[in-house]
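Protein chains in written order, with the UniProt record's numbering: chain A, 1 to 405; chain B, 1 to 405.
Protein chains: 2
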Amino acid sequence: MDQIVSAPTVEHTSAVFPEGVTLDCGTVLAPVEIAYRTYGTLSAKRDNAILICHALTGDQYVAETHPLTGKPGWWSRMVGSGKPIDTDRFFVICSNVLGGCMGSTGPRSPRPVTGGGTPDAPEPWGTDFPPITIRDMVRSQHRLVKHLGIDRLFAVVGGSMGGMQVLEWAATYPEMVFAAVPIATAPFHSAQNIAFNEVSRQAIFADPDWHGGRYWETGAIPARGLAVARMMAHITYLSEEALTRKFGRRVRPCNDTTGKAAGTLSTFGDIFEVESYLRHQGSTFVRRFDANSYLTITRAMDWMDLGQEHDGEYAGPFVGTGTRFCVISFSSDWLFPTSQSRIIVHALTRAAANVSFVEIESDKGHDAFLLDEPDFDRTVRGFLSGAAEHAGLSRRAAQEGTHAS
Amino acid sequence: MDQIVSAPTVEHTSAVFPEGVTLDCGTVLAPVEIAYRTYGTLSAKRDNAILICHALTGDQYVAETHPLTGKPGWWSRMVGSGKPIDTDRFFVICSNVLGGCMGSTGPRSPRPVTGGGTPDAPEPWGTDFPPITIRDMVRSQHRLVKHLGIDRLFAVVGGSMGGMQVLEWAATYPEMVFAAVPIATAPFHSAQNIAFNEVSRQAIFADPDWHGGRYWETGAIPARGLAVARMMAHITYLSEEALTRKFGRRVRPCNDTTGKAAGTLSTFGDIFEVESYLRHQGSTFVRRFDANSYLTITRAMDWMDLGQEHDGEYAGPFVGTGTRFCVISFSSDWLFPTSQSRIIVHALTRAAANVSFVEIESDKGHDAFLLDEPDFDRTVRGFLSGAAEHAGLSRRAAQEGTHAS
Numbered sequence: 001m002d003q004i005v006s007a008p009t010v011e012h013t014s015a016v017f018p019e020g021v022t023l024d025c026g027t028v029l030a031p032v033e034i035a036y037r038t039y040g041t042l043s044a045k046r047d048n049a050i051l052i053c054h055a056l057t058g059d060q061y062v063a064e065t066h067p068l069t070g071k072p073g074w075w076s077r078m079v080g081s082g083k084p085i086d087t088d089r090f091f092v093i094c095s096n097v098l099g100g101c102m103g104s105t106g107p108r109s110p111r112p113v114t115g116g117g118t119p120d121a122p123e124p125w126g127t128d129f130p131p132i133t134i135r136d137m138v139r140s141q142h143r144l145v146k147h148l149g150i151d152r153l154f155a156v157v158g159g160s161m162g163g164m165q166v167l168e169w170a171a172t173y174p175e176m177v178f179a180a181v182p183i184a185t186a187p188f189h190s191a192q193n194i195a196f197n198e199v200s201r202q203a204i205f206a207d208p209d210w211h212g213g214r215y216w217e218t219g220a221i222p223a224r225g226l227a228v229a230r231m232m233a234h235i236t237y238l239s240e241e242a243l244t245r246k247f248g249r250r251v252r253p254c255n256d257t258t259g260k261a262a263g264t265l266s267t268f269g270d271i272f273e274v275e276s277y278l279r280h281q282g283s284t285f286v287r288r289f290d291a292n293s294y295l296t297i298t299r300a301m302d303w304m305d306l307g308q309e310h311d312g313e314y315a316g317p318f319v320g321t322g323t324r325f326c327v328i329s330f331s332s333d334w335l336f337p338t339s340q341s342r343i344i345v346h347a348l349t350r351a352a353a354n355v356s357f358v359e360i361e362s363d364k365g366h367d368a369f370l371l372d373e374p375d376f377d378r379t380v381r382g383f384l385s386g387a388a389e390h391a392g393l394s395r396r397a398a399q400e401g402t403h404a405s
Numbered sequence: 001m002d003q004i005v006s007a008p009t010v011e012h013t014s015a016v017f018p019e020g021v022t023l024d025c026g027t028v029l030a031p032v033e034i035a036y037r038t039y040g041t042l043s044a045k046r047d048n049a050i051l052i053c054h055a056l057t058g059d060q061y062v063a064e065t066h067p068l069t070g071k072p073g074w075w076s077r078m079v080g081s082g083k084p085i086d087t088d089r090f091f092v093i094c095s096n097v098l099g100g101c102m103g104s105t106g107p108r109s110p111r112p113v114t115g116g117g118t119p120d121a122p123e124p125w126g127t128d129f130p131p132i133t134i135r136d137m138v139r140s141q142h143r144l145v146k147h148l149g150i151d152r153l154f155a156v157v158g159g160s161m162g163g164m165q166v167l168e169w170a171a172t173y174p175e176m177v178f179a180a181v182p183i184a185t186a187p188f189h190s191a192q193n194i195a196f197n198e199v200s201r202q203a204i205f206a207d208p209d210w211h212g213g214r215y216w217e218t219g220a221i222p223a224r225g226l227a228v229a230r231m232m233a234h235i236t237y238l239s240e241e242a243l244t245r246k247f248g249r250r251v252r253p254c255n256d257t258t259g260k261a262a263g264t265l266s267t268f269g270d271i272f273e274v275e276s277y278l279r280h281q282g283s284t285f286v287r288r289f290d291a292n293s294y295l296t297i298t299r300a301m302d303w304m305d306l307g308q309e310h311d312g313e314y315a316g317p318f319v320g321t322g323t324r325f326c327v328i329s330f331s332s333d334w335l336f337p338t339s340q341s342r343i344i345v346h347a348l349t350r351a352a353a354n355v356s357f358v359e360i361e362s363d364k365g366h367d368a369f370l371l372d373e374p375d376f377d378r379t380v381r382g383f384l385s386g387a388a389e390h391a392g393l394s395r396r397a398a399q400e401g402t403h404a405s
């Protein structure tokens, strides 16, 4: 892979909170900017808002063309007019997480006050960006929701790290969450998942272009290390069955290093199609994602542990909750396996919460929540529709409303 | 991690075959040196030899202190006097695979004839080492076995890549294998396993100290890339349950980069115990293993496909076989899952082979075959003992014999 200079920057819609947010680490991070997108119309009663929380490498462009990659929104299958999260009925909000790199305050943001550089060209935070937790992400989203004039979310929905945010929303602001849909997630990050994240980080640290996190000084980015991290992570998002179905053992001529004829047995010549696919995943990822954000956000996932402040009792944060939960897992997900969703369900049950649980049969692995799974779509559509009845939402709430921003 | 210079070299016992081996790629690799160790005594009838095949990063030091690491042999639990592979009864052979780095011919060996350097200081093969297959490894072991004066092996035993060699032995030299014990293995390398290997290779390629494979010229080795490869691979050798049992979410103060006080939330300070463990696995591995060997051997695994020359019919290589098979898998092994062992068993059954199959209940993952699993030990002991009766081996064969080398 050639050396890649920093990704192009684009303008994002955002809200700035000058007073900032007090983080779990004790630091007051100020100012905090949160980049976001909305879809649909906020009802007059301001009661039809759904907050969608994105996963590790997702962003706010949930249901529209991505301004950097030109690809469709990451959940455009799920969010839109007539879709399971129906923007004809609901006002959908999605924001880039704190610590991210798509317009929200993160390691690439200018460091105020104490940083180096001149006032005209302040240095980025880089590795001095304070440590962020999933709850810190939720705290900043809470600011945004209030800023949009919303006192109570109809629902919070998200998969993977997005599902961790859903759980933290229900735990931290229970009165603001009517319904919660944590998908393919867990109440804590497992030792195995911490281990995978650590390998990702070591791959980035090992890249000489990381320069101790100060890569902005060189104009290059740690593209090779970040690509290795992404390639490894991508395997964990799929399943053995899905990889076998998609690629099997098919070979494609490559010859990118030796010039040997196609079809000959060689160590560096022909490659398997699955390898070509992974290399593509790695090389496209580094053009849109910041390495220091990757470090910050993977660390936030590692610290996720809903039982930590409750002597390991995951029911602790949910005692007395009035939120309706729909917990969803996928049968072939080995990164956030069904057993971890069951821990959530059992904890919510011990807390006497209103909880439904569905394990969707799928061979697509963890990424199933982003892919075409009709049974999953029906589950989300049905739960949200039924919950909307319980919430007393008008069937056409959005059409009676006014847009909030 | 500090820059590490090349690992110290030690003397190994070996046999040299000047005429070399004709490889699957068509190249005649000559000379070929195979480093090996033996344990126990060859019987007078030369009928009690067991060949043990090692896995990706194993070597010939199966049942004695390793000369580089000072650690016990990698299968000393299984091989020795009175142990499941009983050296009081059997003559045990284990050789370093072709392409390896513990004395057998591999990328670190001097390149004859056409290489650069002077005759006094020939260059190593490096990335010009010819591509090796599992069958090529077996061909070179076949030379060694013949060299030791053995016309028929009582048994060939191995786990993981060692199990692939067991299958290739039975397929290539059926008349020379009385019994075969392929453990935690597969008749082909799956798309997911190729994908993991590819990430390992990319991690090595990304290390600037790899220098396009010519790292011997600099005195440094691609330690960071190789460590990342090892860390990732190590996760795949364990299981979520084993990692949770061993490490859970326990944190240990580290502060290796920031000097922050222990116990504070920070991105680069305290680390989870599982991270510390993985870092240790990575840093010790690079002191004993050669990066170009890692590339060569992972590629050999990727090419493993017993069905390739039989239109995808895995029974093809085994039609008419007289070998007795004992196929063993572990319930929590997700790298070489039981489903892949079942493919072997079904193929052997279609070939009307004598085959037993045991799935051992274990939460230790793929590495279970290297760890304390009494049920596994009993299975190997029982099968070998029973097969020895069928083979008409004396109960004390070794004590009547003479050492072969």
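The C-beta atom is built at its ideal place from N, Cα and C for all residues, glycine as well.
Listed along chain A, no residue sits closer than 7 Å to residue 343(B) by beta-carbon distance, the nearest being about 12 Å off. Using a CB distance cut-off of 7 Å, residue 224(A) counts as an interface residue toward chain B. Under a 10 Å Cβ-count criterion, residue 69(A) is classified as exposed, with fewer than 16 other Cβ atoms of the shown protein chains found around its own Cβ.
Taking each of 195(A), 35(A), 347(A) in turn and checking the Cα distance to residue 248(B), the smallest one comes out for 195(A).
Per DSSP, the continuous alpha helix (DSSP H) segment holding residue 344(B) begins and ends at 338 to 350. Excluding the 5 residues flanking it on each side, residue 30(A) has same chain C-beta neighbours closer than 7 Å at 18, 19, 20, in chain order. DSSP, read as helix, strand or coil, puts residue 129(A) in coil. A direct Cα-to-Cα measurement between residue 232(B) and residue 199(A) gives close to 6 Å. For residue 190(B), the residues of chain A that pass the 7 Å Cβ criterion are 240, 244, in the order they occur in the chain.
Collapsing the DSSP output to three states places residue 194(B) in a helix. Within its own chain, the residues whose Cβ lies closer than 6 Å to the Cβ of residue 290(B), once the five positions on either side in sequence are excluded, are 101, 108, listed in chain order. Interface criterion not met: the Cβ of residue 58(B) is under 7 Å from no Cβ in chain A. Exclusion of the five residues before and after residue 171(A) leaves 306, 317, 318 as the residues of its chain whose Cβ lies within less than 7 Å of its Cβ. Less than 7 Å divides the Cβ of residue 332(B) from the Cβ of residue 362(B). Fewer than three pairs of CB atoms, one per stretch, sit closer than 8 Å, so the segment 46 to 55 of chain A makes no contact with the segment 341 to 358 of chain A. Here DSSP, grouped into helix, strand and coil, assigns residue 29(B) to strand. Per DSSP, residue 354(B) is one residue of the beta strand (DSSP E) stretching across 354 to 360. Residue 122(A) and residue 216(A) have their alpha carbons spaced roughly 12 Å apart. Residue 328(B) sits in a strand when the DSSP states are folded into three classes. Residue 45(A) sits exposed, since fewer than 16 C-beta atoms from the chains shown fall within 10 Å of its C-beta. The closest CA to that of residue 13(A), considering only 38(A), 242(A), 26(A), is found on 38(A).
Assigned with DSSP and collapsed to three states, residue 221(B) falls in coil, not helix or strand.
In the three-state DSSP reduction, residue 200(B) falls in the helix class (H, G or I). Out of 366(B), 375(B), 268(B), 154(B), the CA that lies nearest to the CA of residue 389(B) is found in 154(B).
Selection 371(B), 377(B), 394(B) evaluated against residue 84(B) yields 377(B) as nearest (Cα-Cα). For residue 52(B), the enclosing beta strand (DSSP E) starts and ends at 49 to 53.
Restricting attention to 110(B), 343(B), 210(B), the CA atom closest to the CA of residue 313(B) is found in 343(B).
Rounded to whole angstroms, residue 129(A) and residue 214(A) show a C-alpha spacing of 12 Å. Residues of the segment 180 to 213 of chain A that bring their beta carbon within less than 7 Å of a beta carbon in chain B comprise 188, 190, 191, 192, 194, 195, 196, 198, 199, 202, 203, 206, 207, 208, in sequence order. If you look at residue 145(A), you'll find it in the alpha helix (DSSP H) that goes 134 to 147. The C-beta of residue 323(A) has 16 or more other C-beta atoms within 10 Å across all chains shown, which makes the residue buried. Chain order gives the chain B residues near residue 228(A) as 199, 202, 203, 206, 228, where near means a beta carbon separation below 8 Å.
About 5 Å separates the beta carbon of residue 228(A) from that of residue 203(B), a gap short enough to meet the 8 Å contact definition. Judged by DSSP in its simplified three-state form, residue 46(A) adopts coil rather than helix or strand. Listed in chain order, the positions of the segment 289 to 318 of chain B with a beta carbon within less than 8 Å of a beta carbon of chain A are 295, 296, 299, 302, 303, 305.
The criterion of a C-beta distance shorter than 7 Å is not satisfied by residue 148(A) and residue 95(A).
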